[in-house]
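Right, one structure below, let's go through it.
2 protein chains.
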Amino acid sequence: MSIETAIAALVPVLGERITRSKSDLDIHGRSEVHYPLTPPDAVAYPLTTAEVSEIAKICNAHDCPIIAWGTGTSLEGHSLAFRGGITVDFSRMNKVLQVNAEDMDVVVQPGLTRAELNEELRATGLFFPVDPGANASLGGMAGTRASGTTTVRYGTMRHNVMALEVVLADGRIIRTGSRARKTSSGYDLTGLFVGSEGTLGMITEMTLKLYGQPEAASAAICAFEDMDAAVQAVTETIQMGLPMARIEFVDADTAAAFNAYAGRDMAYKPHLMVEFHGSETSVAADVTSFGEIAQDHGGSGFEWATNPEDRTALWAMRHNGYYAILASRPGATAISTDLCVPISKLAQAVAETRADIAASIVAGPILGHVGDGNFHAILLIDPDNPAEMQAAKDLSARMMQRALDLGGTVTGEHGVGIGKMDYMQAEHGEAWAVMGDIKCSLDPNNIMNPGKLVRIGN
Amino acid sequence: MSIETAIAALVPVLGERITRSKSDLDIHGRSEVHYPLTPPDAVAYPLTTAEVSEIAKICNAHDCPIIAWGTGTSLEGHSLAFRGGITVDFSRMNKVLQVNAEDMDVVVQPGLTRAELNEELRATGLFFPVDPGANASLGGMAGTRASGTTTVRYGTMRHNVMALEVVLADGRIIRTGSRARKTSSGYDLTGLFVGSEGTLGMITEMTLKLYGQPEAASAAICAFEDMDAAVQAVTETIQMGLPMARIEFVDADTAAAFNAYAGRDMAYKPHLMVEFHGSETSVAADVTSFGEIAQDHGGSGFEWATNPEDRTALWAMRHNGYYAILASRPGATAISTDLCVPISKLAQAVAETRADIAASIVAGPILGHVGDGNFHAILLIDPDNPAEMQAAKDLSARMMQRALDLGGTVTGEHGVGIGKMDYMQAEHGEAWAVMGDIKCSLDPNNIMNPGKLVRIGN
Ligand SMILES: Cc1cc2nc3c(=O)[nH]c(=O)nc-3n(C[C@H](O)[C@H](O)[C@H](O)COP(=O)(O)OP(=O)(O)OC[C@H]3O[C@@H](n4cnc5c(N)ncnc54)[C@H](O)[C@@H]3O)c2cc1C
Ligand SMILES: Cc1cc2nc3c(=O)[nH]c(=O)nc-3n(C[C@H](O)[C@H](O)[C@H](O)COP(=O)(O)OP(=O)(O)OC[C@H]3O[C@@H](n4cnc5c(N)ncnc54)[C@H](O)[C@@H]3O)c2cc1C
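Next comes the structure, spelled out in structure tokens:
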């Protein structure tokens, strides 16, 4: 069998760093969502780009699937080995290679996590802003084009990855982009690999943009009477041009889950969580302006937190939202939907989604990065109840169709994996075939994370 | 001949809107730089996406080159017909299709120019920020991934194109992206077409991000004793995190050219031109902070202009910089270099370039979007003097090598066309071959602007 031949050929290259131990396979066969255990045939732990290149060459010669793995927190089965093969775990390639403080950029290996990076940067006064809830690897975040609470101000991975080193399916090592802040030098390969979910190549080095830690920051939660009022406040804040660093929506059910999980005392109402960054003066002005907008829409109960500890606690609570919601129904698993629509359609999209969930047999607290028009209903299901699973899948399908009808996208930040494959044709039409053509030209044997994102013949 | 067959087949489709008149051919055979007249075999003026698709199908069937044309202001021979064929002039597809003021986006046809768009937007309080010096078409600007004076604040075309409709070489019509502010739904095809210089497809519709016109704005010029001091002031301003809307460098020779061309009275010294956008309060604070930085570096002669007329006059002067410099040597043509380096290397790159030019037989005033690390030396040459042409080409080659040695790119904003082809291998190595693979997969017959950006077999 070709996978077996590939594994055998890799032993002399990697020694103990290719393993078939059951525990290693199982860890790499799991995700945070409802997919069944799907272990690969082996797990490799490369240390260098040269080793990654060897892995690709050997796997390519033997038609053996390769699944790149960061921390495995992706939510659409991205890093599960549905076709077997070798999972390439980047956790041992996790160094900061170069901090260029003057240029506000950093060169890292892909296995480094975002929290580790920010820890290393602490003394420089700089930080890397993209923050998916999980402490994901930077390579995985590039893989899914991740974003998070700060995207409304600092952008997604697409905006913050300047350059990459990538190992292609045939083992060739290429460099894309540069440390220059802009370029018109040929096709934007950096942008092509960001969001390609390990289907076009393996990222082995990345150059990221950094930002100065703001002189001042202020964050608050505030309650609204109903969801419409909260969403209207968001829309107005954006249209006024207030430079929010973060603006997050949580519905009443999510607030209740926070209370239980994080020992909070939030009203059973929808809330906005907001943060401003800047100088002392500008933050003070922004806080006042936002307070006025919120009040116009019935917002109440503001408490502005300016010291780092309180703000950290606030955002830790938000980042644990997914787990808080899961914990609200013990034993449940989840389908995490991920719509993104134009801001003007946000209120409608959330309202219709809420009504649809209310009329179904499953629960689905809603929260999201509403400053970008992005929200999630976390559909909670008993894994042993096929009727609930079916209801959740149907809800999810209707949500995605709604996003498309409103001019949006079926996934604002989580990506396609296998979970969104069925909606790609509807979202992209013929452009999905073009993605397939590009995949074929870079990975003709379809060994890179096969079965995900694009449809190739089979 | 296949080109002739294609033209004959297009007459029934386009009627009078495909022409071979000498004046039409000549207009489309010229650029603003040193290339000789290179007319196409015919010029087509489509009105609809369906017509563009027909043009592609027919040209693809007959191996006839297609060169997309916006306003022809690109500087590297991008839109010249070096292999003959049909120039597709988008000037009659120039409508604003949809202004989505609430979402701050706009849907336009590619032939619309940036000035026309902003004129149409005036009443909405919104504007489109990307401003190459020329009044270029938005399709051409997407083609070259253009940027300009405001990029330091608002980004390049890469950041401001949200979605595209594209006609591929075989006539297929695809849509990329959406009006959602972010997405993780598959490969970033929008980003791939932006900067592809008409080599992958023709853009027939585009969705662009808009911004609120700032409540307040203030702009000024200020003189420095030497270039190093000016560049240091820029670097420090960036590192302080001051949110400049524009920051431009012009050297003493450029200042002299402005005096002659625009009736100014600038000292024969290097200058910075700077602008801040925001609220009355924030702009006032930024102006003060910048004033302090500039003073620390010996900057003098500030006059802040806050009314729209004075600011418009200031930036019109800057936008005419290329023509002012050309006019400083009557009869001259130019090679417009376009380096971009990490900010920490900017002073070195400019200093070495200036010394290199000073030691040569040609003049080359320097100006640039220094906030991005991007600058141009406009090398002035007598078109009938081969020694000057050679000296300029040698200078340009050394400048590009310098940019690469300093971790930068050979073109910050103008693009590759044919002028930068010889440096693509040096900048990208094997990644340039990957660009070729992508080109082949989307345009297997190599009819889309052949001979530009990528090397395909021939
Ligand atoms: C509680 C929770 C909250 C979350 N919140 C957010 C959120 O707010 N925003 C958001 O965007 N996501 C969120 N996610 C999803 C997840 O964290 C992101 O998708 C993240 O980017 C995945 O990173 P990872 O390191 O875990 O990647 P993995 O899951 O290991 O891999 C993700 C994809 O990238 C590929 N990949 C990994 N490493 C490489 C590499 N070196 N080269 C090429 N491809 C590679 C993989 O093959 C896979 O296709 C959340 C997840 C959880 C569990
Ligand atoms: C005085 C002056 C100052 C300038 N300053 C700047 C500057 O500051 N920044 C900057 O970036 N550039 C600058 N430029 C260069 C030029 O303005 C830009 O390259 C601009 O983007 C070209 O736009 P255009 O409409 O003239 O395109 P064209 O020259 O007509 O075409 C440019 C490229 O795009 C392709 N193209 C055109 N339309 C389409 C379409 N619909 N679909 C697909 N491809 C298409 C063409 O095939 C070609 O490859 C300057 C030029 C001049 C003359």
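First to last, the sequence lines map onto chains G and B.
Here the working numbering = 1-based position in the first sequence + 45.
Here the working numbering = 1-based position in the second sequence + 45.
C-beta atoms are modelled at their ideal positions from N, C-alpha and C, and glycine is treated no differently.
Check your understanding: Quick one: Cα of Y90 (chain B) to Cα of L425 (chain G), how far?
Key -> 56 Å
Point to revise | Whole-angstrom distance between H123 (chain G) and E242 (chain G), CA atom to CA atom | key: 7 Å
Practice item. Give the DSSP bridge partners of D450 (chain G), in chain order. Key: DSSP lists no partner for D450 (chain G).
Point to revise | Proximity test, M466 (chain G) beta-carbon vs ligand 1 heavy atom, cut-off 7 Å | key: no
Point to revise | Any chain G beta carbon closer than 8 Å to E161 (chain B) | key: no
Practice item. Rounded to whole angstroms, what's the CA-CA distance from V505 (chain G) to D482 (chain B)? Just pull it up for me. Key: Residue 505 (chain G) cannot be examined here, being either before or after the span of chain G that is shown, 46 to 503.
Exercise for review: Compute the Euclidean distance between the alpha carbons of G366 (chain G) and H414 (chain B), then round it to the nearest angstrom.
Suggested key: 43 Å
**Study point:** Which of helix, strand or coil DSSP assigns to C109 (chain G)
**Key:** coil
Check your understanding: Which runs of the beta strand (DSSP E) spanning at least 3 residues fall entirely within the region 412–476 of chain B, listed in chain order?
Key -> 419–426
Check your understanding: By the criterion of Cβ-Cβ separation under 7 Å, what are the contact partners of V386 (chain G) in chain B?
Key -> A225
Check your understanding: Where in the region 302–362 of chain B do unbroken runs of the beta strand (DSSP E), each at least 3 residues long, occur, reported from the N-terminal end onward?
Key -> 316–323
Review point. Got a sec: is the Cβ-Cβ distance from A476 (chain B) to anything in chain G below 8 Å?
Key: yes
Review point. For a contact meaning CB atoms closer than 8 Å, what does S66 (chain B) contact in chain G?
Key: Correct list: empty, because the minimum Cβ distance to chain G is about 33 Å.
Exercise for review: Indicate whether at least one CB of chain G lies closer than 8 Å to the CB of S230 (chain B).
Suggested key: yes
**Study point:** Sequence-distant residues of the same chain with beta carbon closer than 6 Å to A87 (chain G), five excluded per side
**Key:** I52, I63, R65, I131
Review point. Do N427 (chain B) and E433 (chain B) have their CB atoms nearer than 8 Å?
Key: Note on identity: in this sequence residue 427 (chain B) is Asp, with Asn being the wrong assignment. Yes. Within cutoff.
Check your understanding: Residues in the region 79–107 of chain B with C-beta within 8 Å of chain G's C-beta atoms, listed in sequence order?
Key -> none
Exercise for review: Check whether the region 269–287 of chain B touches the region 385–398 of chain B, counting contact only when three or more Cβ pairs, one atom from each stretch, lie closer than 8 Å.
Suggested key: yes
Point to revise | Beta carbon of A302 (chain G) nearer than 8 Å to that of K314 (chain G) | key: no
Practice item. For my contact list, M202 (chain B) and I266 (chain B) are in at a C-beta cut-off of 8 Å; report their separation, rounded to the angstrom. Key: That belief does not hold up - the Cβ atoms of M202 (chain B) and I266 (chain B) are roughly 27 Å apart, past 8 Å.
Practice item. Tell me the start and end of each unbroken alpha helix (DSSP H) in the region 57–99 of chain B that is at least 4 residues and wholly inside, in chain order. Key: 67–72
Check your understanding: Closer than 8 Å, CB to CB, is L183 (chain B) near chain G or not?
Key -> no
Check your understanding: Just checking my contact of N145 (chain B) with R220 (chain B) at CB under 8 Å: how many whole Å lie between their CB atoms?
Key -> In fact, because the Cβ distance is near 16 Å, the residues do not count as touching under 8 Å.
Check your understanding: In chain order, what residues of the same chain have a beta carbon less than 6 Å from the beta carbon of G117 (chain G), not counting five sequence neighbours either side?
Key -> S124
Check your understanding: chain B partners of R190 (chain G), CB-CB under 7 Å?
Key -> S229
Exercise for review: Would you please state the rounded distance, in angstroms, between the beta carbons of K227 (chain B) and T196 (chain G)? I believe it to be under 8 Å.
Suggested key: 6 Å
Practice item. Could you check what DSSP says for E260 (chain B) in three-state terms: helix, strand or coil? Key: coil
Practice item. Whole angstroms is fine: what's the gap from D331 (chain B)'s alpha carbon to N304 (chain G)'s? Key: 42 Å
**Study point:** Segment limits, beta strand (DSSP E) that includes T228 (chain B)
**Key:** Premise fails: T228 (chain B) is in no beta strand (DSSP E) and is neither H nor E.
**Study point:** Euclidean distance between Cα positions of F269 (chain B) and E164 (chain B)
**Key:** 35 Å
Exercise for review: Note down, in chain order, each residue of its chain lying with its Cβ closer than 6 Å to the Cβ of L70 (chain B), except the 5 sequence neighbours on either side.
Suggested key: P84
Point to revise | Beta-carbon spacing of Q143 (chain G), V133 (chain G) below 8 Å | key: no
Check your understanding: Is DSSP giving E270 (chain G) helix, strand or coil here?
Key -> coil
Check your understanding: Any chance the CB of G240 (chain G) is under 7 Å from a heavy atom of ligand 1?
Key -> no
Point to revise | Limits of the beta strand (DSSP E) - the one that F16 (chain B) falls within | key: No information on residue 16 (chain B) is available, as it lies outside the stretch 46 to 503 that chain B covers here.
**Study point:** Delimiting residues of the beta strand (DSSP E) encompassing G246 (chain G)
**Key:** 246–254
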